[in-house]
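Student: Take a look at the following structure, please.
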Amino acid sequence: AGTQQARAGAQTSLHVPYGDGEGEKLDIYFPMEPSGSRCWVGGSGGRQGSCPAAHPGLCCAAFPVLVYIHGGYWQCLSKEESGFAAPPLVSQGVAVVAVGYDIAPKGHMDTMVLQVRRSLAFLVEQYPGIRGIYLCGHSAGAHLAAMVLSTDWTEYRVVPDIKGAVLVSGVYDLEPILHTYINDALNMSREVAQRNSPMLCVAPPGPAAAACKVLVAVAQHDSPEFRRQSQEYGQALRAAGWSVSLLDLAGVDHFDIIEKLSEDGYVLTQVGEELPSSL
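Here is the structure:
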């Protein structure tokens, strides 16, 4: 319902392919341009002006972009449920991009990490007007966002200007889930879990990420394991030289910590709305 409302209330470009895979699609929610006009009038509405991008919109304006990566233990949910957070951010001049990726059992953990990284490279290549990228992920999505922070971008021929990341109730060490039901669909080996664990991939920020600010958020009523991993990952990033803030949110659990993103007054929404002013 939140995504449907967001799509009805914002200009969108839906199901934008960033690769050839079935799940490799983006949903983009555009803010209004300062003049009150939009670069692109979607679908049946035609276009304003001339836009050189394959998928018009961000190339003709200078929006900051929040990239949202959904959770679901890497095996459920999709970008179709990811638009709920867009309205309060779009109203503040931030474009929101919901990333789709191939979940398990079709998607392998290596594949999901690669897809999310490639989605960022695609955005940079297609929309040169972007004024900084901010990552936001919940649970498994926070894991994938954290893996983006560890990317060696030399093989992608572009370096995204990632100015911040909001990691919400994430999983940063995959080994503890190897012998749980979660791994039934993922079918990870220990080697796969290790090379895709953000805790084991922490490195000093590169020149492009020197100003990147990372917020590691965890819910008061998250499980002890989620709380432990958030604390230890935040500490590891800080020790490696990243600018990190730890946020322990009272009165919320693993699910409503992210569902409340649709509320204007919620603390994580306020963090997102402050993004344009930080540029």
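In this text, residue positions in the sequence shown follow my numbering: the first is 96, and each later residue adds one.
A virtual CB, placed ideally from N, CA and C, is assigned to each residue, including glycine.
Computed from a prediction, not measured in an experiment: that's the story for all the values here.
Assign Thr107 to one of two classes, buried (16 or more other C-beta atoms within 10 Å of its C-beta) or exposed (fewer than that).
Tutor: Start at 1 with the first residue of the sequence shown, and residue 107 comes out as number 12. Buried: at least 16 other Cβ atoms inside 10 Å.
Student: Which residue wins for smallest C-alpha separation from Leu295, given the options Ala314, Glu270, Ala303?
Tutor: One-based indexing of the sequence shown puts residue 295 at position 200. For the residues Ala314, Glu270, Ala303, the minimum Cα distance to Leu295 belongs to Glu270.
Student: Pick out whichever of Met242, Val185, Gly336 has its Cα sitting closest to the Cα of Val208.
Tutor: As a working mapping, residue 208 is identified with position 113 in the sequence shown. It is Met242 whose Cα lies nearest to the Cα of Val208.
Student: According to DSSP, which residues form a beta bridge with Cys231?
Tutor: For the purposes of this step, residue 231 is taken as the residue at position 136 of the sequence shown. Looking at the DSSP assignment, Cys231 forms a beta bridge with Tyr163, Val261.
Student: Assign Thr249 to buried or exposed, taking buried as 16 or more other Cβ atoms, counted over all protein chains shown, within 10 Å of its Cβ.
Tutor: Residue mapping note: residue 249 aligns to position 154 of the sequence shown, counting from 1. Exposed is the call here.
Student: Taking Pro255 as the reference, which of Gln289, Ala304, Ala237, Ala280 has the closest Cα?
Tutor: Taking the first residue of the sequence shown as position 1, residue 255 is located at position 160. Closest option to Pro255, Cα to Cα, is Ala304.
Student: Entirely within the stretch 178 to 228 and at least 4 residues each: give me those alpha helix (DSSP H) ranges in chain order.
Tutor: Whole alpha helix (DSSP H) segments, 4+ residues: 181 to 185, 204 to 221.
Student: Are the beta-carbon atoms of Pro182 and Ala235 separated by less than 8 angstroms?
Tutor: For the purposes of this step, residue 182 is taken as the residue at position 87 of the sequence shown. For the purposes of this step, residue 235 is taken as the residue at position 140 of the sequence shown. No; because the gap between Cβ atoms is not below 8 angstroms, this pair is not in contact.
Student: Quick check on the DSSP output: the alpha helix (DSSP H) that includes Ala288 runs from which residue to which?
Tutor: Within the sequence shown, the letter at position 193 stands for residue 288. First-last of the alpha helix (DSSP H) with Ala288: 285 to 290.
Student: Skipping 5 residues on each side, what residues in its chain have a beta carbon closer than 6 angstroms to that of Ile353?
Tutor: Mapped onto the sequence shown, residue 353 falls at position 258. His233, Val263, listed in sequence order.
Student: By the DSSP assignment, the alpha helix (DSSP H) with Ser325 in it spans what residues?
Tutor: Within the sequence shown, residue 325 is the residue found at index 230, counting from 1. 319 to 334 is the span of the alpha helix (DSSP H), which, as asked, contains Ser325.
Student: Quick check on DSSP: helix, strand or coil for Ala314?
Tutor: Taking the sequence shown and counting its residues from 1, one reaches residue 314 at position 219. In the structure shown, Ala314 sits in a strand (DSSP, three-state: E or B).
Student: Going by alpha carbons, who is nearest to Asp247 out of Pro300, Glu320, Ala199, Leu341?
Tutor: Your numbering for residue 247 matches position 152 in the sequence shown. Out of Pro300, Glu320, Ala199, Leu341, Pro300 has the C-alpha closest to the C-alpha of Asp247.
Student: Spatial neighbours of Tyr251 within its chain, please: C-beta separation below 6 angstroms, excluding the five flanking residues on both sides.
Tutor: Position 156 of the sequence shown, counted from the start, is the residue given in the question as residue 251. Ala216.
Student: Nearest to Leu111 by CA position, among Ala312, Ala280, His238, Leu218, is which residue?
Tutor: Counted from its first residue, the sequence shown places residue 111 at position 16. According to the sequence as given, residue 111 is Val; it is not Leu. Among Ala312, Ala280, His238, Leu218, the Cα nearest to that of Val111 is on Leu218.
Student: To which residues of the same chain is Ala314 closer than 7 angstroms at the C-beta, ignoring the five residues directly before and after it?
Tutor: Your numbering for residue 314 matches position 219 in the sequence shown. Answer for Ala314: Ser264, Leu344, Val347, Asp348, His349, Ile352, listed in chain order.
Student: Looking at Leu230 and Val191, is the spacing between their C-beta atoms short of 8 angstroms?
Tutor: On the sequence shown, residue 191 is found 96 positions in, with the first residue counted as 1. On the sequence shown, residue 230 is found 135 positions in, with the first residue counted as 1. No, Cβ-Cβ distance for Val191 and Leu230 is not below 8 angstroms.
Student: Which same chain residues, not among the five before or five after Gly166, have their C-beta less than 6 angstroms away from its C-beta?
Tutor: Here the question's residue 166 lines up with position 71 in the sequence shown. Result list for Gly166: His233, Ser234, Ala235, Gly236, in chain order.
Student: Can you name the residues that DSSP bridges to Ile123?
Tutor: Locating residue 123 in the sequence shown gives position 28, where the first residue counts as 1. According to DSSP, Ile123 bridges with Ser108, Val192.
Student: Where Gly140 and Gln289 are concerned, what is the direct C-alpha to C-alpha distance, given to the nearest angstrom?
Tutor: Here residue 140 corresponds to residue number 45 of the sequence shown, with the count starting at 1. Here residue 289 corresponds to residue number 194 of the sequence shown, with the count starting at 1. Low local confidence applies: a pLDDT of 32 at Gly140 is under 50, so the model's placement there is unreliable, and no value is given.
Student: Give every residue of the same chain whose Cβ lies closer than 7 angstroms to the Cβ of Asp115, excluding the five residues on either side of it in the sequence, and list them in chain order.
Tutor: Here residue 115 refers to the residue found at position 20 of the sequence shown. Closer than 7 angstroms at the Cβ level, and outside the excluded window around Asp115, lies no residue.
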